[in-house]
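Visitor: Can you read through this structure? Questions will come right after.
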Amino acid sequence: MNPLHLPLVDAAPNEPPPRAPDHSRTGLIDAHGRTIHDLRLSVTDRCNFRCTYCMKPNERFLPKQSLLSMDEYLQIVNATMALGVTKLRITGGEPTLYPDLDAFIAAVGDLGLRDIAMTTNGWSLDIHRARQWLRDGLGRLTFSLDTLRDDRMAAITLSTTPVQTVLDSVETARAAGFPRPKLNVVMQRDVNDDEAVAFATLARDRDLDVRFIEFMPLDAGRHWQRDAVVSEAETKKVIEAAFELVPTEATHAAETSSNFSFATSSSGSIGFVSPVTRPFCGACNRLRITAEGMVRPCLFANTEWDVRPALRSGEPHAVARFLQDATWAKKAGHGIGDADFVQPDRGMRAIGG
Ligand code: SAM
Ligand code: SF4
39 MNPLHLPLVD
49 AAPNEPPPRA
59 PDHSRTGLID
69 AHGRTIHDLR
79 LSVTDRCNFR
89 CTYCMKPNER
99 FLPKQSLLSM
109 DEYLQIVNAT
119 MALGVTKLRI
129 TGGEPTLYPD
139 LDAFIAAVGD
149 LGLRDIAMTT
159 NGWSLDIHRA
169 RQWLRDGLGR
179 LTFSLDTLRD
189 DRMAAITLST
199 TPVQTVLDSV
209 ETARAAGFPR
219 PKLNVVMQRD
229 VNDDEAVAFA
239 TLARDRDLDV
249 RFIEFMPLDA
259 GRHWQRDAVV
269 SEAETKKVIE
279 AAFELVPTEA
289 THAAETSSNF
299 SFATSSSGSI
309 GFVSPVTRPF
319 CGACNRLRIT
329 AEGMVRPCLF
339 ANTEWDVRPA
349 LRSGEPHAVA
359 RFLQDATWAK
369 KAGHGIGDAD
379 FVQPDRGMRA
389 IGG
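In C-alpha cells:
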C-alpha cells in the first residue's frame with residue numbers, strides 16, 4: 039500500500055496511467071514518496087553501434103515519423119521543469135545522430151535548466167560543435183567505452199570504430215572546456231572483466247571519471263544471465279589490489295554511484311554503479327521518456343504510457359497531469375532478484391540509457 043493508501047493499478051500499454059491523487063499535483067511525486075528531479079530523454083532510437091548488451095544485431099529502428107518533433111521534446115522538458123525537474127540527460131540511441139541536436143541543446147539551454155548532460159558512444163566529436171554545446175548550456179558529457187582493445191571493441195559494438203576514436207573524443211570534450219569527462223564501462227564476465235585495472239590506470243593517468251556499471255537485464259537479445267554480471271565487489275577488489283582507493287562524499291542524496299579517488303594521485307576518479315548487487319531504487323529520482331514519447335517511470339517497467347495524445351491535445355495542463363499520473367505509478371523497485379522478475383521487452387537503446 040502506498041502512503042495515501044490508494045490501490046496501485048497496473049494499466050495496460052497505451053491506456054492512460056491511473057490517476058494520481060489531486061493533492062500530489064505540485065510536482066512529480068510517486069506513490070512511494072519519491073520525488074522526480076531527473077529527466078532522461080531519448081532524442082533518437084537510432085544507433086551506429088550495436089552493442090551486444092544493449093540491442094539485437096538485426097534490430098530495426100522506428101519509422102522516423104513516429105519519433106517526437108523537437109517542439110514536442112521541448113514541451114516535455116518545459117512541463118517537467120515546471121514540476122521540479124532540475125536535471126536533463128539527453129540520450130538515445132546515439133544522441134549525436136539526432137539531426138536537430140544542436141538546436142535542441144540551444145533551446146533547452148534557453149529554458150534555463152540548471153544541469154544538462156548527454157551520454158554518447160564517442161564515435162565522433164568536433165571541437166567547434168562541442169564548444170557551441172558548452173556555450174549553449176550543455177554542462178557535462180559522458181562517454182561509453184567498454185574495452186581498450188580494438189578486437190573487443192569490434193566484438194562488443196559490432197562497429198569498426200577504433201578505441202582511439204572514442205579516447206580522442208574524450209580529449210576533444212576536455213579541450214572544448216567540459217569538466218573531467220566521465221567514461222561508462224559496462225563490465226561483463228569473460229568479455230572485459232580483465233580490464234578493470236587498465237581502466238583504473240586510464241582514469242588516473244588521463245584524469246577521467248571512470249564508472250564501472252553492472253550489466254543489467256536490458257539487452258534486447260535477452261541473453262542476460264546473473265552469472266554474466268561482474269559485481270561491484272569483484273571489480274573493486276581487483277582494482278584495490280593495484281591502487282589504494284579513498285571513498286569520496288556523495289554530491290547529492292540521489293547519487294547512484296559509490297565514488298573513490300586515488301590515495302596517491304589527485305588525478306582521476308573511479309565510481310561503481312551497481313543496480314544489480316546494490317540497487318538504489320529507494321532513492322531513485324528519475325523519469326524516462328523514449329524517443330517516440332513513451333513514458334517509463336522505471337528502466338525495468340513492463341508498462342509504459344504514450345504521452346503523444348496529451349502533447350497533441352492542445353490542453354495546456356494535459357502533459358503535466360499525464361506525467362504526474364505516470365510518475366505516481368512508478369514501481370517501488372526493479373525486482374531483478376525476484377522470482378517473478380520479467381525482463382522488459384525493450385532493450386536499453388530503445389528505452390534511452
Ligand atoms: N549511445 C549512447 C552511449 O552508448 O553512450 C547513449 C545511449 S546508451 C543506451 C546509454 C548507456 O547505457 C551506455 O553507457 C551503455 O553502456 C549503457 N547500457 C546499455 N545497455 C546496458 C545494459 N544492458 N546494462 C548496463 N548498461 C547498459
Ligand atoms: Fe548504441 Fe549506446 Fe546501445 Fe551501444 S550502448 S548500442 S552505442 S545505444
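If you read the sequence shown in our numbering, its first letter stands for residue 39, the second for the next number, and so on. Cβ coordinates follow ideal geometry from the N, Cα and C atoms, glycine included.
From R334 to F142, what does the alpha carbon distance come to, in whole angstroms?
Guide: Distance between the alpha carbons of R334 and F142: 22 Å.
Visitor: In the structure shown, what three-state DSSP assignment does M254 receive?
Guide: Here M254 sits in coil by DSSP.
Visitor: What does a CB cutoff of less than 7 Å around C89 pick up in its chain, not counting 5 residues either side in sequence?
Guide: Around C89: I194 and T195.
Visitor: Does DSSP put M225 in a helix, a strand or coil?
Guide: Strand, per DSSP.
Visitor: Between which residues of its own chain and E342 is the CB-CB distance below 7 Å, once the five residues before and five after are set aside?
Guide: Correct list, in chain order: P51, M332, V333 and R334.
Visitor: With C-beta atoms as the reference, is E18 less than 9 Å away from F250?
Guide: Look at the range of the chain in this structure, 39 to 391, and you will see that residue 18 is not part of it.
Visitor: In angstroms, rounded to a whole number, what distance separates the CA positions of L13 and V284?
Guide: Since the first residue of the chain shown is 39 and the last is 391, residue 13 is not available in this structure.
Visitor: Have a look at T198 and L325 and give me their C-alpha separation to the nearest angstrom.
Guide: Distance between the alpha carbons of T198 and L325: 33 Å.
Visitor: To the nearest angstrom, how far is it from the Cα of M39 to the Cα of L246?
Guide: Confidence is the limiting factor: at M39 the pLDDT is only 30, short of 50, which leaves the residue's position unreliable and the question unanswerable from this model.
Visitor: In terms of DSSP beta bridges, what is P285 paired with?
Guide: According to DSSP, P285 bridges with F298.
Visitor: If I follow the unbroken beta strand (DSSP E) through F310, where does it start and stop?
Guide: Start and end: S303 to V311.
Visitor: Return the chain-ordered list of same chain residues with a C-beta closer than 6 Å to the C-beta of I74, the five sequence neighbours on each side being excluded.
Guide: Contacts found: L66, N323, L325 and T365.
Visitor: Just verifying my parser: in three-state terms, what is the DSSP assignment at I74?
Guide: Coil.
Visitor: List in chain order: all unbroken beta strand (DSSP E) runs of 3+ residues lying wholly within the region 111-145.
Guide: The qualifying runs are 125-129.
Visitor: Measure the C-alpha to C-alpha separation of R384 and E132 and round it to an integer number of angstroms.
Guide: Their backbone Cα atoms lie some 16 Å apart in a straight line.
Visitor: Look up T180 in the DSSP assignment and give the residues it is bridged to.
Guide: Beta-bridge pairing links T180 to T157 and K220.
Visitor: With I389 as the anchor, note down where its alpha helix (DSSP H) starts and where it stops.
Guide: Unbroken alpha helix (DSSP H) run through I389: M386 to I389.
Visitor: In three-state terms, what does DSSP make of L79?
Guide: Residue state, collapsed to three classes: strand.
Visitor: Mark T289 as exposed unless 16 or more other C-beta atoms lie within 10 angstroms of its C-beta, in which case mark it buried.
Guide: Exposed, because fewer than 16 other Cβ atoms sit within 10 Å of the Cβ of T289.
Visitor: Enumerate in chain order the residues of its own chain whose CB-to-CB distance from G259 is below 6 Å, with the five nearest sequence positions on each side excluded.
Guide: So the list reads K94, once near-sequence residues are dropped.
Visitor: So, helix, strand or coil for D231, using DSSP?
Guide: Note: D231 maps to helix in three-state DSSP.
Visitor: Under a three-way DSSP split, which group does W396 fall into?
Guide: Past the edges of the chain, shown from 39 to 391, lies residue 396, and the structure says nothing about it.
Visitor: Assign R359 to one of three DSSP states: helix, strand, or coil.
Guide: Helix, per DSSP.
Visitor: Helix, strand or coil for R417 per DSSP?
Guide: Coverage of the chain is limited to positions 39 through 391, which leaves residue 417 absent and any answer about it impossible.
Visitor: Suppose the cutoff is 8 Å on Cβ atoms and the five residues either side in sequence are ignored; what does the same chain contact list for N96 look like?
Guide: Around N96: no qualifying Cβ.
Visitor: Please name the residue or residues paired with L325 in a DSSP beta bridge.
Guide: In the DSSP output, where bridge partners are listed per residue, L325 has L77.
Visitor: Under a three-way DSSP split, which group does R173 fall into?
Guide: In this structure, R173 counts as helix in the three-state DSSP scheme.
Visitor: Select from L186, D164, P200 and R187 the residue whose C-alpha is nearest the C-alpha of E209.
Guide: For E209, the nearest C-alpha among the options comes from D164.
Visitor: So, helix, strand or coil for R187, using DSSP?
Guide: Note: R187 maps to coil in three-state DSSP.
Visitor: Exposed or buried, which one is G390 when buried takes at least 16 other CB atoms within 10 Å?
Guide: Buried.
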